[in-house]
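Q: Heads up: the sequence shown begins at 148 in our numbering, then just goes up one per residue.
Just passing along the structure, written as structure tokens.
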Amino acid sequence: MPLEGEYGGSQRLKFVSFGVADYDGLMRSLEDGYFLGKTVLVRLDLDVPVKEGLVIDDQRLRFGLSTINYLLNRKAKLILTGHLGRPSGRDEKLSLRPVFIHLSALLGRPIKFAQKPISPSTKQGITKLKEGEVIALENLRFEKGEEANSRTFARELADLAEAFVNESFGTSHRQSASTVAIGEFLPSYAGLRFEQEYKTLSSLAAHPARPYVVIIGGAKAADKMPAIFALLSRSDRILTGGAVANQLLSATGVDVGKSVVEEPLRDDALKLVRVSRGKIILPPDYVFSPERQILDLGSKTVELYGRHLNKARTVVWAGPLGRYEQAEYSRASRELAKLIASSSATSIAGGGDTIAMLKHFKLADKFSFLSGGGSAMLKLIAGEPLPAVRVLL
148 MPLEGEYGGS QRLKFVSFGV ADYDGLMRSL EDGYFLGKTV LVRLDLDVPV KEGLVIDDQR
208 LRFGLSTINY LLNRKAKLIL TGHLGRPSGR DEKLSLRPVF IHLSALLGRP IKFAQKPISP
268 STKQGITKLK EGEVIALENL RFEKGEEANS RTFARELADL AEAFVNESFG TSHRQSASTV
328 AIGEFLPSYA GLRFEQEYKT LSSLAAHPAR PYVVIIGGAK AADKMPAIFA LLSRSDRILT
388 GGAVANQLLS ATGVDVGKSV VEEPLRDDAL KLVRVSRGKI ILPPDYVFSP ERQILDLGSK
448 TVELYGRHLN KARTVVWAGP LGRYEQAEYS RASRELAKLI ASSSATSIAG GGDTIAMLKH
508 FKLADKFSFL SGGGSAMLKL IAGEPLPAVR VLL
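What follows is the structure, encoded as structure tokens:
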């Protein structure tokens with residue numbers, strides 16, 4: 148049934164593009180495809196924060212609007228797909244229904260919703276689509292084959308459509324059936340925003356203005372550690388916060404209280420600090436919660452990081468430095484974001500949490516470019532291959 152609902156969304160953010168001379172130009176773009184009357188499977192980045200059934204930050208959804216409208220203007224029939232969270236099996240709390248309700252309001256048109264991606268009723272609904280109509284599939288991570296990059300599941304998805312468009316740069320570093328294996332079975336193209344992010348970040352990685360400073364915070368230390376290793380040879384300084392800093396501090400023998408530390412990463416973390424030769428900057432002080440968790444960086448760290456950022460000509464930021472939503476733990480993220488926003492440096496921020504943080508401080512439109520992918524962005528600027536990009540070449 149059509150999804151209905153109308154919720155207010157944030158204003159569009161302003162972006163500037165950089166030179167793309169180093170982009171190889173081989174990625175298949177929408178201009179390379181013919182979509183008139185075609186059924187097109189579109190992979191979106193739908194992993195947005197949802198609270199009590201409402202989307203509370205819709206920037207990732209807005210990133211996909213230009214591609215959706217491009218295809219609808221060419222009278223394509225659209226199948227929208229994506230994921231929310233990290234479910235293990237079906238979990239109604241992570242249903243994409245509220246996300247598609249919000250997206251329906253942004254598009255100003257109804258979206259039909261299929262509770263099961265692969266079923267006779269879903270196939271029948273797709274067969275009945277008229278030109279310019281849209282159907283959405285439930286959270287693909289409810290299906291075992293999605294995160295396993297199953298060719299069987301990818302083939303089942305591919306059988307629903309005639310072409311595939313990837314508009315989820317934020318998941319391009321992962322091996323998923325809906326972004327990688329599916330490329331074996333359908334003509335595949337990069338969405339408008341996907342292509343823009345890839346071009347911009349590739350250009351930055353090739354020729355960053357120096358000094359080049361990277362800020363790495365947030366959660367998911369395991370995802371970011373390989374990129375940090377690779378960035379040692381590409382950047383001038385790496386400033387750390389969040390789970391990444393906790394992991395590195397703990398490995399060097401610092402008492403981080405009850406902060407989350409992943410024991411399997413301890414040896415790699417210690418090796419990373421030792422081989423960095425001073426490029427990785429660890430916080431000299433931090434703010435503990437009453438429960439003895441590090442939730443922000445201290446005043447000495449803000450001053451130290453500020454000195455490095457004042458010299459920078461390129462800044463890349465992935466992950467908040469503390470629990471910025473709470474005023475008492477927001478200082479480091481807020482003060483350093485203000486400093487970057489007021490500087491003349493090229494500034495790039497990536498990942499849903501980082502963008503939400505900048506919007507919280509009303510500074511998002513002061514950054515040069517926002518990327519929907521945190522880990523994907525880091526891997527690309529670190530020179531690591533992105534599996535989902537290969538199928539678009």
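We put the CB at the ideal spot given by N, CA and C, even for glycine.
Report the residue from Asn393, Ala529, Glu438 and Asp443 whose alpha carbon sits nearest the alpha carbon of Val420.
A: Asn393
Q: Any idea if Asp194 is buried or exposed, counting beta-carbon neighbours within 10 angstroms, 16 or more meaning buried?
A: buried
Q: Measuring alpha carbon to alpha carbon, tell me which of Gly520, Gln343, Gly530 and Ile258 ends up nearest Ser319.
A: Taking only the C-alpha atoms, the option nearest Ser319 is Gly520.
Q: Would you list the one or two residues that DSSP bridges to Thr387?
A: Bridge partners of Thr387: Ile363.
Q: Let me make sure I understand the geometry here. Which of Val462, Ser235 and Ala474 has the alpha-carbon closest to that of Phe514?
A: When each option's Cα is compared against that of Phe514, the closest is Val462.
Q: Does DSSP put Gly279 in a helix, a strand or coil?
A: coil
Q: Let me know if Pro467 comes out buried or exposed under the rule of 16 or more other beta-carbons within 10 Å of its beta-carbon.
A: The residue is buried, with at least 16 neighbouring Cβ atoms inside 10 Å.
Q: Relative to the C-alpha of Ile428, which candidate in Thr387, Gly236, Ser297 and Ile495 has its C-alpha closest?
A: Thr387
Q: Would you say Leu444 faces chain C, with C-beta separation under 8 Å as the test?
A: Included in the structure is just one protein chain, with no chain C present.
Q: Just verifying my parser: in three-state terms, what is the DSSP assignment at Ala168?
A: Here the model assigns Ala168 a pLDDT of 34, short of 50, so the residue's position is not dependable and the matter cannot be decided.
Q: Indicate whether Ala309 and Phe300 have their beta-carbon atoms separated by less than 8 Å.
A: Per the sequence shown, the amino acid found at residue 309 is Glu instead of Ala. In terms of Cβ geometry, Glu309 and Phe300 do not form a close pair [threshold 8 Å].
Q: Compute the beta-carbon to beta-carbon distance between Ser315 and Asp192, rounded to the nearest angstrom, for a pair I have assumed lies under 8 Å.
A: 4 Å
Q: By the three-class DSSP mapping on this structure, what secondary structure does Ile265 have?
A: coil
Q: Please work out which residues of its chain come closer than 6 Å, Cβ to Cβ, to Ala416, disregarding the five sequence neighbours upstream and downstream, and give them in chain order.
A: Gln394, Leu395 and Ala398
Q: With the cut-off set at 8 Å, would you say Thr214 and Arg381 are in Cβ contact?
A: no
Q: Whose C-alpha, out of Arg384, Ile385, Leu442 and Pro437, is nearest the C-alpha of Val407?
A: Leu442
Q: Determine whether the beta carbon atoms of Ser446 and Leu379 lie at a separation below 8 Å.
A: The beta carbons of Ser446 and Leu379 sit no closer together than 8 Å.
Q: Within 10 Å of its beta-carbon, does Ala283 have 16 or more other beta-carbons around it, so buried, or fewer, so exposed?
A: buried
Q: For Gln322, I'd like the list of residues in its chain whose CB is within less than 6 Å of its CB, leaving aside the five on either flank, ordered along the chain.
A: Asn296 and Pro534
Q: Could you pull out every residue in the same chain whose Cβ sits closer than 7 Å to the Cβ of Gln431, ignoring the five residues on either side in sequence?
A: As written in the sequence, residue 431 is Pro, which differs from the Gln given in the question. Excluding positions up to five away in sequence, the list reads Lys447, Thr448 and Leu451.
Q: Taking all protein chains shown into account, decide if Pro532 is buried (16 or more other Cβ within 10 angstroms of its Cβ) or exposed.
A: Under this definition Pro532 is an exposed residue.
Q: Work out the CA separation of Arg357 and Leu456 for me, nearest whole Å.
A: 11 Å
Q: Cβ of Arg384 within 8 Å of Cβ of Lys418?
A: no
Q: What whole-angstrom Cβ distance do Leu218 and Leu225 have, given they're in contact under 8 Å?
A: Their Cβ separation, rounded to whole angstroms, is 6 Å, which keeps Leu218 and Leu225 in contact under 8 Å.
Q: From the DSSP secondary-structure annotation, give me the bridge partner or partners of Glu314.
A: Leu191
Q: In angstroms with no decimal places, state the Cα-to-Cα distance between Ser242 and Gly229.
A: In a straight line, the C-alpha of Ser242 is about 11 Å away from that of Gly229.
Q: For Gln271, count the other beta carbons within 10 Å of its own beta carbon; 16 or more makes it buried, fewer makes it exposed. Which is it?
A: The residue in question, Gln271, is exposed, as its Cβ has fewer than 16 Cβ neighbours within 10 Å.
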